[in-house]
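**Student:** Before anything else, here's the structure in question.
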Amino acid sequence: MASEEESVSLSQILQVVKKQGETFERYQQEYANMLDELKREVVSNSQLKKFKSDAAVKWRFEGNRLQYSFNEELLDLVNQIDWALKYGKAEYATELLSDLSSKIERRNKLIRIADTSDGGWETVRQYENNPLADDSEDESRINRAESRALKKKKAADVAKQKQKQSSGRMDRSRDSYLFRGQRYTAPYPTSFGWPRSTPNLRKGNYGCCFSCGSPHHWRSECPIQDPPRYRASATASSASAAKGKAD
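When we follow our numbering, the leftmost residue of the sequence shown carries the number 6, and every step to the right adds one.
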């Protein structure tokens, strides 16, 4: 009889323990779900805050914008850690501290890459835009990023130099006309920065008539200063007068 009572009591105890275990697992799952929901809410608020900040500020220099954005990320993490510690979320605070440490280490690495590369921060942008799956090839990845950055920088310098030379030619042409006391007429632009020929312009004539300022003829052919028919008549009269004197 006693053994039966002991068996019943043990069975009841096991059932109670099982129920308590199930209850604990349920509470644990609910807690994990609540923590995940909290993380998503915090991240959403941080992203919304960052979006509003980026939209409101107009940055003059890209480097300043990147540094400000990075500082904002760190500040958000610090605020989340403070909240987690205040409400006893030690596990969540530990995860945030690990994330904070990883961000700072990566930022320091990018600063070193920019400082040691001739391409500067352009190398960093190329490095981040072309990630590799294998981190063991990180040095090769940096070298390739630097090569792309230098090519891009060289192309930008060449384009800037061409634009500067084209602008210099235009300025010299304008100054030349102003020095002669003539009205300046801008040449027809082309993709190469030289005047485009037109049907009304003489071949090789990129100047203007010194008499009337027209780009369509030379001064010797100007109809305003010396019309061709009057010039021909004057020449014939002079020839006749000279012949009469000779007779």
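Ideal placement from N, C-alpha and C gives every residue a C-beta, glycine not left out.
Hey, quick one: how far does the alpha helix (DSSP H) through residue 118 stretch, first residue to last?
**Tutor:** That run of the alpha helix (DSSP H) goes 95 to 121.
**Student:** How big is the Cα-Cα spacing for residue 128 and residue 150?
**Tutor:** Cα to Cα, residue 128 sits roughly 5 Å from residue 150.
**Student:** Pull up the distance between the alpha-carbon of residue 108 and that of residue 158, whole angstroms please.
**Tutor:** Using only the alpha carbons, I get a separation of about 28 Å.
**Student:** Report yes if the C-beta distance between residue 105 and residue 82 is below 8 Å; otherwise report no.
**Tutor:** Yes, these two residues count as a Cβ contact at 8 Å.
**Student:** Would you kindly work out how many angstroms separate the C-alpha atoms of residue 224 and residue 171, rounded to a whole number?
**Tutor:** Looking at the two C-alpha atoms, the distance is approximately 28 Å.
**Student:** What do you get for residue 122, buried or exposed, if any count of 16 or more other CB atoms within 10 angstroms of its CB means buried?
**Tutor:** With 16 or more Cβ atoms within 10 Å of its Cβ, residue 122 is classed as buried.
**Student:** Can you give me the Cβ contacts of residue 131 inside the same chain, cut-off strictly under 7 Å, excluding the 5 residues immediately before and after it?
**Tutor:** Within the same chain, residue 131 has close Cβ partners 150, 153 and 154.
**Student:** CA-CA distance, residue 97 and residue 118?
**Tutor:** In a straight line, the C-alpha of residue 97 is about 32 Å away from that of residue 118.
**Student:** Residue 80 and residue 89 look like a contact to me (Cβ under 8 Å); what is the Cβ gap, rounded to whole Å?
**Tutor:** 15 Å between Cβ atoms; not a contact.
**Student:** Distance, Cα to Cα, residue 74 vs residue 65?
**Tutor:** Taking the straight line from one Cα to the other gives about 14 Å.
**Student:** Give me the residue from 95, 164, 113 and 94 with the minimum Cα distance to residue 76.
**Tutor:** Of the listed residues, the one whose Cα sits closest to residue 76 is 113.
**Student:** With a 10 Å radius around its C-beta and 16 neighbouring C-beta atoms as the bar for buried, classify residue 229 as buried or exposed.
**Tutor:** Flag for residue 229 reads exposed.
**Student:** For residue 88, which three-state DSSP category applies?
**Tutor:** Helix.
**Student:** Have a look at 32, 214, 20 and 133 and flag the residue whose alpha-carbon is nearest the alpha-carbon of residue 148.
**Tutor:** With distances taken between Cα atoms, residue 148 lies closest to 133.
**Student:** Does DSSP put residue 229 in a helix, a strand or coil?
**Tutor:** Coil.
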